[in-house]
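Scroll down for the structure; my scribbles are underneath it.
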Amino acid sequence: MHGEDKISTITDVKLTRHKLHVGSYDINYVVAGEGDPLILVHGLNVGWGQWYPNIKDLSKKFKVYAIDLPGAGASSTLDFSRSSLEESFVMVLEGFLKKLSLTSVNLIGHSIGAWVVAKVVLRKKVSVNKIILVDPLGFTLSVPFNQKLLTFYPVAKFLSRTVMKLSRNNMESFLRGVYVDNTILADEFIEYVYESMKSNNHPHPFLLLHKIVNFFSVKAEFDLRLQLRSILLPILVIVGEKDPIVSSKKVIEESKKIPSATVLEYKNVGHVPSTESSKRFNTDVLTFLQK
Numbered sequence: 539m540h541g542e543d544k545i546s547t548i549t550d551v552k553l554t555r556h557k558l559h560v561g562s563y564d565i566n567y568v569v570a571g572e573g574d575p576l577i578l579v580h581g582l583n584v585g586w587g588q589w590y591p592n593i594k595d596l597s598k599k600f601k602v603y604a605i606d607l608p609g610a611g612a613s614s615t616l617d618f619s620r621s622s623l624e625e626s627f628v629m630v631l632e633g634f635l636k637k638l639s640l641t642s643v644n645l646i647g648h649s650i651g652a653w654v655v656a657k658v659v660l661r662k663k664v665s666v667n668k669i670i671l672v673d674p675l676g677f678t679l680s681v682p683f684n685q686k687l688l689t690f691y692p693v694a695k696f697l698s699r700t701v702m703k704l705s706r707n708n709m710e711s712f713l714r715g716v717y718v719d720n721t722i723l724a725d726e727f728i729e730y731v732y733e734s735m736k737s738n739n740h741p742h743p744f745l746l747l748h749k750i751v752n753f754f755s756v757k758a759e760f761d762l763r764l765q766l767r768s769i770l771l772p773i774l775v776i777v778g779e780k781d782p783i784v785s786s787k788k789v790i791e792e793s794k795k796i797p798s799a800t801v802l803e804y805k806n807v808g809h810v811p812s813t814e815s816s817k818r819f820n821t822d823v824l825t826f827l828q829k
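Numbering (my numbering), first residue to last: 539 to 829.
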């Protein structure tokens, strides 16, 4: 069974798969449920399958659209070194919403997907109702110690082709490394990410990480701290207390400066609360969206 078939099966809900041409990209996405539109934007370049523990519950109240950004899943591949992420991620998401005539949407983004969601709101090109930012990029310029070498392109490229070259074992190690309880991560998800990157010739995740950081710091273009304070629509920020990628302490500090934000910290949870604490995450999301 194909990786996307496997991850679709373990969502345990009826999904329909679609393709939509946006700009110069073919965007792959799945849809489940009925109701107001809820758009899920994955982190890094792991694809829509990241949301496998969430789609079933969320689709009971909303029409869920889970997309693959360019360079992920079954969407068109992307050369991160030559691309603007605002054009290739943010503007593509805007184009996706416009082509499907989706208005008053609710958006959930994880990590870099949270940055994409926030940028969409800040650009004011589409109609958005509420947003949920999960362990978001853009709230701090700090880079974890174990990622500082990735600030140098030759190092990131070398590691992506040698020690951490694309293999199932290396991808499993990479994915499990951001969890506190890494046993909770489904094998089907690991297989899905590995297979989608290999079969679609997507760049190594290290190359996307390098795109974001430079000289031991997150690049200024991804700094949202001052801009976020101008957002008036309701924001829910969810962070894992023990996130090894994004400092939960700094995210909480910045969230308190956003008048429209509510912040929840999940104790003893890593970078992906939507998976590691999926039942609580689904409940918190639905409670926030239905207020």
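Even glycine gets a Cβ: it sits at the ideal position worked out from N, Cα and C. The structure presented is a predicted model; accordingly, all values stated were derived computationally and were not measured.
Presumed contact (8 Å Cβ cut-off) between residue i and residue j, rounded CB distance
| i | j | result |
| --- | --- | --- |
| ARG706 | TYR732 | 5 Å |
| ILE728 | GLU710 | 5 Å |
| LEU645 | VAL579 | 7 Å |
| HIS501 | VAL784 | This structure does not reach residue 501, given that the chain is present from 539 up to 829, and the question cannot be answered. |
| SER614 | ASP564 | 5 Å |
| LEU576 | VAL602 | 5 Å |
| PHE826 | LYS668 | 7 Å |
| GLU792 | PHE634 | With 8 Å as the limit, GLU792 and PHE634 do not qualify as a contact, their Cβ atoms being about 28 Å apart. |
| LYS736 | LEU766 | Incorrect: roughly 36 Å between the Cβ atoms, too far for contact. |
| ASN708 | ARG714 | Not confirmed; about 11 Å, so no contact. |
| VAL672 | PRO811 | 6 Å |
| ILE650 | ILE769 | Not a contact, Cβ separation roughly 18 Å. |
Reference residue i; option with closest CA among the options
| i | options | result |
| --- | --- | --- |
| ASP781 | ALA694, GLU803 and GLU792 | GLU803 |
| PRO674 | TRP653, ASN667 and VAL659 | TRP653 |
| HIS559 | VAL643, LEU824, LYS636 and PHE819 | LYS636 |
| LEU638 | SER614, GLY676, SER665 and LYS788 | SER665 |
| VAL568 | MET629, ILE545, GLY676 and GLY561 | ILE545 |
| PHE589 | LEU553, ILE790 and ILE769 | The amino acid occupying residue 589 in the given sequence is Trp; Phe does not appear at that position. Considering only alpha carbons, the answer is LEU553. |
| LEU582 | THR821, GLU572, GLY609 and PHE754 | GLY609 |
| LYS695 | PRO741, ALA604 and LEU770 | PRO741 |
| GLU726 | SER562, GLY587 and LYS557 | GLY587 |
| VAL823 | GLY647, THR547 and LYS557 | GLY647 |
| ASP574 | ALA604, THR547 and SER642 | SER642 |
| GLY561 | GLU572, THR547, VAL630 and HIS540 | VAL630 |
| HIS556 | GLU572, THR547, ALA604 and HIS540 | ALA604 |
| THR547 | ALA758, ALA724 and THR821 | ALA724 |
Own chain, CB closer than 7 Å to residue i, minus 5 neighbours either side, in chain order
| i | result |
| --- | --- |
| LEU697 | PHE744 |
| SER786 | VAL777, GLY778, GLU779 and GLU803 |
| ALA612 | GLU542, ASN566, ASP606, SER734 and ASN738 |
| SER816 | PRO591 and ASN592 |
| VAL584 | ALA610 and VAL731 |
Contact set for residue i: own chain, Cβ-Cβ below 6 Å, skip 5 residues either direction
| i | result |
| --- | --- |
| THR847 | Outside the displayed span of the chain (539 to 829) sits residue 847, for which this structure offers no information. |
| VAL801 | VAL775, ILE790 and SER793 |
| LYS805 | GLU779 |
Identity of the residues DSSP links to residue i by a beta bridge
| i | result |
| --- | --- |
| GLY647 | VAL579 and LEU671 |
| LYS601 | PRO575 |
| ALA799 | ILE773 |
| SER755 | ASN752 |
| ASP761 | None; ASP761 has no bridge partner. |
| ILE565 | LEU558 |
| TYR804 | GLY778 |
| VAL666 | VAL643 |
| ALA570 | VAL602 |
Contacting residues, own chain, Cβ-Cβ under 8 Å from residue i (five flanking each side not counted)
| i | result |
| --- | --- |
| LYS594 | THR549, ASP550, VAL551 and ALA570 |
| PHE712 | MET702 and PRO743 |
| GLU632 | VAL658, ARG661, LYS663 and VAL664 |
| SER680 | SER755, VAL756, SER785 and LYS788 |
| LEU771 | VAL659, VAL666, ASN667, LYS668, ILE669 and SER798 |
| VAL628 | VAL654, LYS657, VAL658 and ARG661 |
| LEU746 | LEU582, ASN583, GLY609, PHE618 and ILE650 |
| VAL716 | ASP781, PRO782, ILE783, GLY808, HIS809 and VAL810 |
| GLN828 | LYS599 |
Contact with chain D by residue i, beta-carbon distance below 9 Å
| i | result |
| --- | --- |
| ALA604 | The structure shown has no chain D; it contains just one protein chain. |
- Item | Three CB pairs or more closer than 8 Å across the region 769-786 and the region 795-810 | yes
- May I ask you to verify whether the region 753-767 touches the region 641-661, counting CB pairs closer than 8 Å and requiring at least 3? yes
- Query: Taking three-plus beta-carbon pairs below 8 Å as touching, is the region 593-600 in contact with the region 608-628?
  - Reply: no
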